[in-house]
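Undergrad: Sharing a structure with you now.
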Amino acid sequence: DKLDEEKHMKTLYAVIGNPIGHSMSPVMHNDLFSLYHIDASYLPFQVQEDDLQTAVKGLKALGVGGFNLTVPYKSKIIPFLDEVDELAASIGAVNTVVNDGGKLIGYNTDGVGFLRGLNVLMSSLKGKNVLIIGAGGAARAIYFTLAKENPQVIDITNRTITKAESLIEACPYPISSNAYSLDAAEKNLALYDVIIQTTLIGMSPKAFEQPLTLNGMKPGTIVCDIIYNPLETQFLQKARQNGGKTQNGIEMFVFQGALAFEKWTGIFPDVERMRETIFTQLGGQHVNR
Ligand SMILES: NC(=O)c1ccc[n+]([C@@H]2O[C@H](COP(=O)([O-])OP(=O)(O)OC[C@H]3O[C@@H](n4cnc5c(N)ncnc54)[C@H](OP(=O)(O)O)[C@@H]3O)[C@@H](O)[C@H]2O)c1
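Numbering (this note's numbering), first residue to last: 7 to 295.
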């Protein structure tokens, strides 16, 4: 009968971006669906900006279980959703959508994903001094999320200092923050317990550059780079050589995916297995965790 038919219908999940070919989300989520015996498929869709609204309406009409957004649609999706949760609204970006009985609800799991990854290295940010390098979309999600964790300060350094200043002004949570030029930040690195690299520097075509030299950081500093390809950026390599405890972008990627999976299925998945899936996918080794 009709009920049985519905019960046996495979649920579609998706990621929308442009380009989308290199996304590792499909392999990661499909592996989890099979691990937990969930009858679902996760597919990548490359969508042109002019077609975004039509694509979202189509997914809704098809009864999608949920979907992810990646570059360049994390902000552009917002007008096409029925609801956006508070943190995602403050960040102004959505990376995860849940179809709740025909209502599309947007969340942002990037910042919390980063925090959960950081928690693997340190259980609490209370009283810590944090420096974020970069003031783009990823920095914004991380900054607003970490601001709620009671650190002492979160300073921001960026090539374009006015963007760091605007980010600090936009933060809806009470936090002590200053904006610095890259040169000024470089001179005060010993102040920080945690340094987070969120710029594009370190990724192809800038794989052999780093935003700061890291001369002057103190040994034992936690240094994260949210880039995961390459697994160890030149920046992270330097941090490791200077005695830092380093972490690459795999952790943030895996935890943002785990949090999305939990929103869709109610299951918080096996993150160690997700790491393995990603390492296999990247053809890499365990580096820096
Ligand atoms: N691990 C994960 O799960 C995850 C999730 C999201 C993003 N990411 C990674 O995070 C990175 C940033 O993504 P995003 O979305 O935040 O990008 P975005 O919004 O475009 O921001 C780019 C940032 O990089 C800086 N930048 C770019 N080119 C630079 C250069 N030549 N010199 C100095 N600074 C430069 C920009 O500085 P200006 O303001 O001066 O332009 C800005 O701060 C990407 O590598 C992305 O792959 C990883």
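Note that the Cβ used here is the ideal one computed from N, Cα and C, for glycine as well. The model shown is predicted, which means the values in this text are computed figures rather than measured ones.
Below 8 angstroms on the Cβ atoms is my contact criterion, and I expect Q54 with N24 to pass it. Report the Cβ-Cβ distance as a whole number of Å.
TA: As a first step, residue 54 must be located in the sequence shown, where it is residue number 48. As a first step, residue 24 must be located in the sequence shown, where it is residue number 18. About 7 angstroms separates the CB atoms of Q54 and N24; that is less than 8 angstroms, so the two are in contact.
Undergrad: If you drop the 5 nearest sequence neighbours on each side, which residues of the same chain put their C-beta closer than 6 angstroms to that of F39?
TA: Position 33 of the sequence shown, counting from 1, holds the residue named residue 39. Cβ within range, chain order: A46.
Undergrad: By the DSSP assignment, the alpha helix (DSSP H) with T151 in it spans what residues?
TA: Reading the sequence shown from its first residue, position 145 is the one you call residue 151. First-last of the alpha helix (DSSP H) with T151: 143–153.
Undergrad: Can you check DSSP and say which residues form a bridge with L137?
TA: Locating residue 137 in the sequence shown gives position 131, counting from the first residue. Among the bridge pairs identified by DSSP, L137 is matched with D161, I201.
Undergrad: Confirm, please, whether the CB-CB distance from G119 to F261 is below 7 angstroms.
TA: Walking along the sequence shown from the start, residue 261 turns up at place 255. Walking along the sequence shown from the start, residue 119 turns up at place 113. A contact, by the Cβ cut-off of 7 angstroms.
Undergrad: Among residues of its own chain, excluding the 5 on either side of V33, which ones have a beta-carbon nearer than 7 angstroms to its beta-carbon?
TA: By one-based count along the sequence shown, residue 33 stands at place 27. Excluding positions up to five away in sequence, the list reads T283, Q287.
Undergrad: Residue range of the alpha helix (DSSP H) that P32 falls in?
TA: As a position in the sequence shown, residue 32 is number 26, starting the count at 1. Unbroken alpha helix (DSSP H) run through P32: 31–41.
Undergrad: Give the DSSP-derived three-state secondary structure of G57 in the structure shown.
TA: As a first step, residue 57 is located in the sequence shown; it is residue number 51 there, counting from the start. The sequence given here places Asp at residue 57; Gly does not occur at that position. Helix at D57.
Undergrad: For ligand 1, is there any heavy atom lying closer than 6 angstroms to the beta carbon of I233?
TA: As a working note, residue 233 is residue 227 in the sequence shown. At least one heavy atom of ligand 1 is nearer than 6 angstroms to the Cβ of I233, so yes.
Undergrad: When DSSP builds the beta bridges, which residues end up paired with C230?
TA: Position 224 of the sequence shown, counting from 1, holds the residue named residue 230. BP columns for C230 point to I202, Q253.
Undergrad: On the criterion of 16 or more Cβ atoms from any shown chain inside 10 Å, does D88 qualify as buried, or is it exposed?
TA: In the sequence shown, residue 88 corresponds to position 82, counting from 1. Per the 10 Å Cβ criterion, exposed.
Undergrad: Report buried or exposed for E238, applying the criterion of at least 16 other Cβ atoms within 10 angstroms of its Cβ.
TA: Residue 238 sits at position 232 when you count from the first residue of the sequence shown. By the neighbour-count rule (16 or more Cβ atoms within 10 Å), E238 is buried.
Undergrad: Should the region 219–231 be called in touch with the region 183–199, which here means at least 3 C-beta pairs below 8 angstroms?
TA: yes
Undergrad: Are the CB atoms of V104 and G72 within a distance shorter than 7 angstroms?
TA: As a first step, residue 72 must be located in the sequence shown, where it is residue number 66. As a first step, residue 104 must be located in the sequence shown, where it is residue number 98. Going by C-beta atoms, G72 is nearer than 7 angstroms to V104.
Undergrad: G107: buried (16+ other C-beta within 10 angstroms of its C-beta) or exposed?
TA: On the sequence shown, residue 107 is found 101 positions in, with the first residue counted as 1. Flag for G107 reads exposed.
Undergrad: With which residues is V21 paired in a DSSP beta bridge?
TA: For the purposes of this step, residue 21 is identified with residue 15 of the sequence shown, where counting begins at 1. Partner(s): P50, N74.
Undergrad: In whole angstroms, give me the CA-to-CA distance for L265 and N114.
TA: Counting from one through the sequence shown, the residue named residue 265 turns up at place 259. Counting from one through the sequence shown, the residue named residue 114 turns up at place 108. Computed Cα separation, rounded: 9 angstroms.
Undergrad: With a threshold of 6 angstroms (Cβ to nearest heavy atom), would A102 be considered close to ligand 1?
TA: By 1-based counting over the sequence shown, the position of residue 102 is 96. Per the sequence presented here, residue 102 reads as Thr, with Ala not at that position. It does not: the Cβ of T102 is nowhere closer than 6 angstroms to a heavy atom of ligand 1.
Undergrad: Can you tell me whether DSSP reads I97 as helix, strand or coil?
TA: For the purposes of this step, residue 97 is identified with residue 91 of the sequence shown, where counting begins at 1. Note: I97 maps to helix in three-state DSSP.
Undergrad: Would you mind giving the Cβ-Cβ distance between L68 and L18, rounded to the nearest angstrom? I have them listed as a contact below 8 angstroms.
TA: Counted from its first residue, the sequence shown places residue 68 at position 62. Counted from its first residue, the sequence shown places residue 18 at position 12. Confirmed, about 6 angstroms.
Undergrad: Out of Q203, A176, V77, point me to the one whose CA is closest to P50's CA.
TA: Position 44 of the sequence shown, counted from the start, is the residue given in the question as residue 50. Ranking the options by Cα distance to P50, first place goes to V77.
Undergrad: Helix, strand or coil for L173, going by three-state DSSP, please let me know.
TA: Position 167 of the sequence shown, counting from 1, holds the residue named residue 173. L173: helix per DSSP, three-state reduction.
Undergrad: Measuring straight from C-alpha to C-alpha, what distance separates T252 and Q243?
TA: Here the question's residue 252 lines up with position 246 in the sequence shown. Here the question's residue 243 lines up with position 237 in the sequence shown. T252 and Q243: Cα-Cα distance of roughly 8 angstroms.
Undergrad: Grouping DSSP H, G and I as helix and E and B as strand, with all else coil, what is I181?
TA: In the sequence shown, counting from the first residue as 1, residue 181 sits at position 175. In the structure shown, I181 sits in coil (DSSP, three-state: anything other than H, G, I, E or B).
Undergrad: Check the DSSP bridge columns for E89 and list the partner residues they point to.
TA: As a working mapping, residue 89 is identified with position 83 in the sequence shown. In DSSP, E89 forms a bridge with I111.
Undergrad: Let me check understanding here. Comparing Cα to Cα, which of I160, G27, A95, A185 lies closest to T166?
TA: Translated into positions along the sequence shown, residue 166 becomes position 160. Considering only alpha carbons, the answer is A185.
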